[in-house]
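Data block below; observations after.
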Amino acid sequence: MKKFLDIILTFSLAFAMTACGNSEQEVTAENSAATTSTKTSTAVSEKEKSKSESGEENSLKNNTQFNFETKTVTLNSGYEMPIYGLGTYSLTGEECVQSVTAALENGVRLIDTAYMYHNEKSVGEAVRNSGIPREEIFVITKLYPNQFSDPETAIEQALEKLDIEYIDMMLLHHPGTDDVKAYKAMEKAVSEGKIRSVGLSNWYVEELEDFLPQVSITPALVQNEIHPYYQENDVIPYIHDLGIVVQGWYPLGGRGYTKELLGDEVISEIAEAHGKSSAQVILRWNLQKGVVVIPGSSNPDHIKENTELFDFELTDDEMEKINALDRNEKHDWY
Ligand SMILES: NC(=O)c1ccc[n+]([C@@H]2O[C@H](COP(=O)([O-])OP(=O)(O)OC[C@H]3O[C@@H](n4cnc5c(N)ncnc54)[C@H](OP(=O)(O)O)[C@@H]3O)[C@@H](O)[C@H]2O)c1
21 MKKFLDIILT FSLAFAMTAC GNSEQEVTAE NSAATTSTKT STAVSEKEKS
71 KSESGEENSL KNNTQFNFET KTVTLNSGYE MPIYGLGTYS LTGEECVQSV
121 TAALENGVRL IDTAYMYHNE KSVGEAVRNS GIPREEIFVI TKLYPNQFSD
171 PETAIEQALE KLDIEYIDMM LLHHPGTDDV KAYKAMEKAV SEGKIRSVGL
221 SNWYVEELED FLPQVSITPA LVQNEIHPYY QENDVIPYIH DLGIVVQGWY
271 PLGGRGYTKE LLGDEVISEI AEAHGKSSAQ VILRWNLQKG VVVIPGSSNP
321 DHIKENTELF DFELTDDEME KINALDRNEK HDWY
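21 is the number of the first residue of the sequence shown in our numbering; add one for each residue after it.
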């Protein structure tokens, strides 16, 4: 029954989002010391440390704990990934090159792209031209379901378009026909050194329960919609318990929704108390929940602002106030 309702919801939202032109599908698409080497430090913020010492419940277990000093997390694949980055959905051509360049200049070392964003070439160009050693930058891309039937070709095309020697992380963008086949092709590419880590996007509890027994490599990352109005509080601990890192998309609500979220009274008050912006408070809330953030922006001031997340900490009370904003309100259809 839940599946049936999900399907109905999916189709209604797909229709609504297409009608208002806000669907990701329509796109024609503080200085990080992050590296992709295999460091194994598991230091956490002072608050998280005292929580684990006191045995207090939190969902950060296994290798999903964030290191707030290096601003990285060590993935179950052994690689280190920055805990904040730049999302590139809807950025194409020169705008994408300039945005990624601005991010890299401001210390961002994690870039999220996808076949469906039609910007892998631009991301690759910015990475290659940055002068930053390749191993210090972590690039995520994704295979779209219409590529799952011939995943080997799709992986080669991504490598060619990005042209950055290897892909740090490849995700399946959504569940779909032949997703297991596509994942197995990514596993093979890992063994060949073409891809370093693999993961999933838009996989929730039921989908993971069904999918994981069919594959060999446990995903290193699951990327799902997460923001104060759609918090996934049941899904995040489930994924963490599997030793999988969680990354949130639409951290600021997504285009078309940012005004309401950034103007939210509760968030604005907390922001004022810390002398920070609403965007920074939302991003910090994610980090303290153990969720990696990849806000999208083409504005260099916003890109810089979105890196300044490590000179303040939200109190338990503030975290709870934001947790209480959850409306189970999804802003995209998958
Ligand atoms: N796996 C998936 O299915 C999926 C789906 C959607 C998105 N994603 C990924 O998640 C990333 C994030 O999502 P998104 O970019 O669509 O939405 P978002 O990060 O929630 O919001 C982006 C919007 O916020 C604005 N913004 C960014 N920083 C700001 C700041 N400090 N102050 C005020 N406004 C700010 C941007 O405008 P300006 O350009 O003016 O800064 C842009 O309009 C995407 O780029 C993509 O990489 C993945």
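All C-beta atoms, glycine included, are put in the ideal place defined by N, C-alpha and C.
- Taking all protein chains shown into account, Val225 has fewer than 16 neighbouring C-beta atoms within 10 Å of its C-beta and is therefore exposed.
- It is roughly 6 Å from the alpha-carbon of Ser97 to the alpha-carbon of Ser217.
- The beta-bridge partner set that DSSP reports for Gln267 consists of Gln243 and Val312.
- In this structure, the straight-line span from the alpha carbon of Arg129 to that of Ile314 is close to 11 Å.
- Here Phe231 carries a helix assignment [DSSP, helix/strand/coil].
- C-alpha of Leu106 to C-alpha of Val93: approximately 16 Å in a straight line.
- Taking 8 Å as the cut-off, the Cβ atoms of Glu280 and Gly274 do not count as close.
- Boundaries of the beta strand (DSSP E) around Glu100: Glu100 to Pro102.
- Looking at the DSSP output, Thr161 shares a beta bridge with Met190.
- Here Phe231 is not near Lys201, since their CB atoms are 8 Å or more apart.
- Within 7 Å of the C-beta of Trp223 there is not a single heavy atom belonging to ligand 1.
- Residue side-chain check: Asp352 places its Cβ nearer than 7 Å to a non-hydrogen atom of ligand 1.
- The bridge partners DSSP lists for Thr197 come to none.
- If you check the C-beta of Gln243 against ligand 1, you find a heavy atom less than 7 Å away.
- For Gly274, there is no enclosing beta strand (DSSP E), as DSSP marks it with neither H nor E.
- Distance check between Gln243 and each of Val311, Leu262 and Val286 places Val311 closest, using alpha-carbon atoms only.
- Here the distance from the Cβ of Tyr203 to the nearest heavy atom of ligand 1 is not below 7 Å.
- A heavy atom of ligand 1 is found nearer than 7 Å to the CB of Asn319.
- For Ser217, the pairing in a beta bridge is given by DSSP as Met189.
- Assigned with DSSP and collapsed to three states, Asp337 falls in helix.
- Judged by DSSP secondary structure, Asp254 falls outside any alpha helix (DSSP H); it is assigned neither H nor E.
- According to the DSSP assignment, Val120 belongs to the alpha helix (DSSP H) that extends over Gly113 to Glu125.
- Non-local C-beta neighbours of Ile157 in its own chain, meaning closer than 6 Å and more than five positions away in sequence, comprise Arg129 and Val147, ordered along the chain.
- According to DSSP, residue pairing for Phe86 in a beta bridge involves Val93.
- The shortest CA-to-CA distance from Val255 to any of Ile131, Leu179 and Asn348 is the one to Asn348.
- Ala240 sits close to Met189, with the two beta carbons spaced by under 8 Å.
- With a cut-off of 7 Å, the C-beta of Arg275 is classified as near ligand 1, since at least one heavy atom of the ligand falls inside that distance.
- Counting the other Cβ atoms within 10 Å of the Cβ of Pro171 gives 16 or more, which makes it buried.
- With a threshold of 7 Å, the Cβ atom of Glu325 counts as near ligand 1, since some heavy atom of the ligand is closer than that.
- Annotated three-state conformation of Asp132 is strand, per DSSP.
- Beta-bridge analysis with DSSP links Leu106 to Ile131.
- For Thr112, the shortest C-beta to heavy atom distance toward ligand 1 is 7 Å or greater.
- Sorting Tyr250, Glu145, Asp261 and Gln251 by C-alpha distance to the C-alpha of Glu229 places Asp261 at the top.
- By the Cβ rule, the segment 289–298 counts as touching the segment 333–348, because three or more pairs are nearer than 8 Å.
- For Gly295, there is no enclosing alpha helix (DSSP H), since its DSSP letter is neither H nor E.
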